[in-house]
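To start, the structure under review is shown below, and the notes come after it.
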Amino acid sequence: MEITLKDAAARIRAGELVAFPTETVYGLGANALDAAAVAKIYEAKGRPATSPLIVHVASVSMASTLVAAWPPEAEALAQSFWPGPLTMVLPKKSHVPDIVTAGLPTVGVRMPEHPMALALIREAGVPIAAPSANRFTQLSPTTAEHVRETFGDAIPVLDGGPCRVGIESTVVSITAGKVALLRPGNISLDAISDALGRAPEEIAQAVAPSEGSSHSSPGMHERHYSPRTRLVLTNVPSEAGAYLFYAHAAKAARIFQLPNDPNEYAAHLYSALHELDREAWPVISVEPPPQTPEWAAVLDRLKRAAAK
Ligand code: TXA
Ligand code: MG
Numbered sequence: 000m001e002i003t004l005k006d007a008a009a010r011i012r013a014g015e016l017v018a019f020p021t022e023t024v025y026g027l028g029a030n031a032l033d034a035a036a037v038a039k040i041y042e043a044k045g046r047p048a049t050s051p052l053i054v055h056v057a058s059v060s061m062a063s064t065l066v067a068a069w070p071p072e073a074e075a076l077a078q079s080f081w082p083g084p085l086t087m088v089l090p091k092k093s094h095v096p097d098i099v100t101a102g103l104p105t106v107g108v109r110m111p112e113h114p115m116a117l118a119l120i121r122e123a124g125v126p127i128a129a130p131s132a133n134r135f136t137q138l139s140p141t142t143a144e145h146v147r148e149t150f151g152d153a154i155p156v157l158d159g160g161p162c163r164v165g166i167e168s169t170v171v172s173i174t175a176g177k178v179a180l181l182r183p184g185n186i187s188l189d190a191i192s193d194a195l196g197r198a199p200e201e202i203a204q205a206v207a208p209s210e211g212s213s214h215s216s217p218g219m220h221e222r223h224y225s226p227r228t229r230l231v232l233t234n235v236p237s238e239a240g241a242y243l244f245y246a247h248a249a250k251a252a253r254i255f256q257l258p259n260d261p262n263e264y265a266a267h268l269y270s271a272l273h274e275l276d277r278e279a280w281p282v283i284s285v286e287p288p289p290q291t292p293e294w295a296a297v298l299d300r301l302k303r304a305a306a307k
């Protein structure tokens, strides 16, 4: 069900859920200050209560109503990257409901750059808690159609076209002057260290998932962002399956080429996986991109999608 911006904002104020576009992926939003409304997000997604949500704001001043501290690092990163695909985890103010932060003393805040997301937050007049608008551990949606495929008419969707970035925001935590990268994304470790005037080595990095590793951050489940179809990272495509690749042609029943540029690749990754999922192949083989910093965010998502 498609709705207007005014209608969507009224629903948010009334404690209901609305799916809306951001530049990263579509979000499933509720009034962040209304615990009962936020509970509906967890219910709709089938998400465990141990996974904290990101709160979306339309300005730094709205963010400052949610966080108990705004250190110079936060100011520098907001100046450089907001509005945009960067989430900052900071100590929360006590009126931010525990259900938003999964009981943690910190809250993730982000000012998205998508004009429809900003307009929705402004029109609603409240910060909007929103995870990606998909069921828990499944593929994130990058079009309104992806959201409708998952939730049908149960959740109204604001249609803002395909998402520009295509993968979830970079998440950093800032505690006592220490900055840590919790989730890689379009805004790279190098870009963050440049903005802070610090060496990349000074920024702690969550370990990339590998076999048997445990979560590096609450809600960073190893298996995440997964298609229904089994996905394997390999240079050898299955002849019976689909092959998602970025550089070389190969023998497979279905060939799907993604761009060689990491940002372009990220922008198309989830739609490619949604499309191949619909075609119901026995397996999706994915040619691993290079192990270089530019590919870190894409590699993170691919490793999680491939985790059993
Ligand atoms: O791009 C995005 O970030 C999208 C759009 C809708 O903004 N949202 C998104 O939300 O990806 P979600 O719920 O799928 O991912 C939230 C991430 C998780 O990795 C979670 O661990 C982290 O943010 N996070 C949120 N609050 C946190 C906190 N207080 N401490 C540590 N990590 C936190
Ligand atoms: Mg998600």
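Going by numbering that gives the first Met the number 0, the sequence shown opens with residue 0, and the numbers climb by one from there.
Every residue gets a Cβ at the ideal spot worked out from N, C-alpha and C, and that includes glycine.
Checklist entry - How about HIS267 and GLY165: do their beta carbons lie closer than 8 Å? => result HIS267 places its beta carbon less than 8 Å from that of GLY165.
Next on the checklist: DSSP has PHE255 in a bridge; who is on the other side?
Outcome noted: Bridge partners of PHE255: LEU243.
Item to check | Cutoff 7 Å; reference ALA198; Cβ partners in own chain excluding five residues on either side | outcome: Only SER192 meet the Cβ criterion.
Item to check | VAL105 to LEU181 span [Cα, whole Å] | outcome: Correcting the residue identity first, residue 105 is Thr in this sequence and not Val. Cα to Cα, the separation comes out at about 13 Å.
Checklist entry - Hey, would you say PRO82 sits closer than 8 Å to THR23, going by beta carbons? => result Their beta carbons are not under 8 Å apart, which means PRO82 does not touch THR23 by this criterion.
Item to check | beta-carbon GLU42 near the ligand MG non-hydrogen atom, thresh 7 Å | outcome: For the ligand MG, not one heavy atom lies less than 7 Å from the Cβ of GLU42.
Checklist entry - Does the region 167-177 touch the region 152-159, meaning 3 or more C-beta pairs lie closer than 8 Å? => result No, they do not touch.
Next on the checklist: For a test of your reading of the model: does the CB of HIS267 fall under 7 Å from any non-hydrogen atom of the ligand PLP? Yes or no.
Outcome noted: Only the ligand TXA and the ligand MG can be found as ligands here, which leaves the ligand PLP out of the picture.
Item to check | Contacting residues, own chain, Cβ-Cβ under 7 Å from LYS91 (five flanking each side not counted) | outcome: Annotation for LYS91: LEU65, VAL66, ALA67, THR100, PRO104, THR105 and VAL106 place their beta carbon closer than 7 Å to its own, counting only its chain and skipping 5 residues before and after.
Next on the checklist: When you measure from the CB of GLY45 to every non-hydrogen atom of the ligand TXA, does any distance come out below 7 Å?
Outcome noted: No, the Cβ of GLY45 stays beyond 7 Å of every heavy atom of the ligand TXA.
Checklist entry - Under 8 Å, do ILE283 and LEU230 count as touching if we go by C-beta distance? => result Less than 8 Å divides the Cβ of ILE283 from the Cβ of LEU230.
Next on the checklist: Can you find the residues in the same chain that come closer than 6 Å, C-beta to C-beta, to ASP276, ignoring five residues on each side of it along the sequence?
Outcome noted: Hits under 6 Å: PRO226, ARG227 and THR228.
Item to check | Three-state class that DSSP yields for GLY28 in the structure shown | outcome: In the structure shown, GLY28 adopts extended strand secondary structure according to DSSP, grouped into three states.
Checklist entry - Does the ligand MG have even one heavy atom less than 7 Å from the beta-carbon of PRO130? => result Within the cutoff, so yes.
Next on the checklist: When you compare the region 126-134 with the region 25-38, are there three or more beta-carbon pairs, one atom per stretch, that lie closer than 8 Å?
Outcome noted: Counting Cβ pairs under 8 Å, three or more are found: they touch.
Checklist entry - Can you tell which of PRO161, SER79, GLU112 and ALA304 has the C-alpha that lies nearest to the C-alpha of LEU272? => result Answer by Cα proximity: ALA304.
Checklist entry - Are the CB atoms of LEU4 and GLU148 nearer to each other than 8 Å? => result Going by C-beta atoms, LEU4 is not nearer than 8 Å to GLU148.
Item to check | Beta-carbon contacts of HIS145 that lie in its chain and below 6 Å, excluding the five residues immediately before and after | outcome: When the five nearest sequence neighbours on each side are left out, the beta carbons in the same chain lying within less than 6 Å of the beta carbon of HIS145 are those of HIS273, in order along the chain.
Checklist entry - DSSP state of SER213, grouped into three classes? => result Reliability fails at SER213, whose pLDDT of 40 lies under 50, so the model's placement of it is uncertain and no value is given.
Checklist entry - Using the C-alpha atoms, what's the distance from ALA179 back to ALA77? => result Those two C-alpha atoms are separated by around 16 Å.
Item to check | Spatial distance of ARG12 from PRO96 (CA atoms) | outcome: Answer to the nearest angstrom: the Cα atoms are 16 Å apart.
Item to check | Strand pairing of GLY107, partner residues [DSSP] | outcome: DSSP, once it has assigned bridges, lists ILE53 and VAL88 as partnering GLY107.
Item to check | DSSP bridge partner residues for VAL282 (one or two, in chain order) | outcome: The secondary-structure analysis by DSSP pairs VAL282 across a beta bridge with ARG229.
Item to check | Neighbourhood of ALA43 by C-beta distance below 8 Å, restricted to the same chain and skipping five residues each side | outcome: Excluding residues within five positions, the ones whose Cβ falls inside 8 Å are LEU16, LEU27, PHE150, ALA153 and ILE154.
Next on the checklist: At the level of alpha carbons, what is the spacing between PRO288 and SER58?
Outcome noted: Cα to Cα, the separation comes out at about 36 Å.
Checklist entry - At a cut-off of 7 Å, is GLY107 close to the ligand TXA when judged by its beta-carbon and the heavy atoms of the ligand? => result Within the cutoff, so yes.
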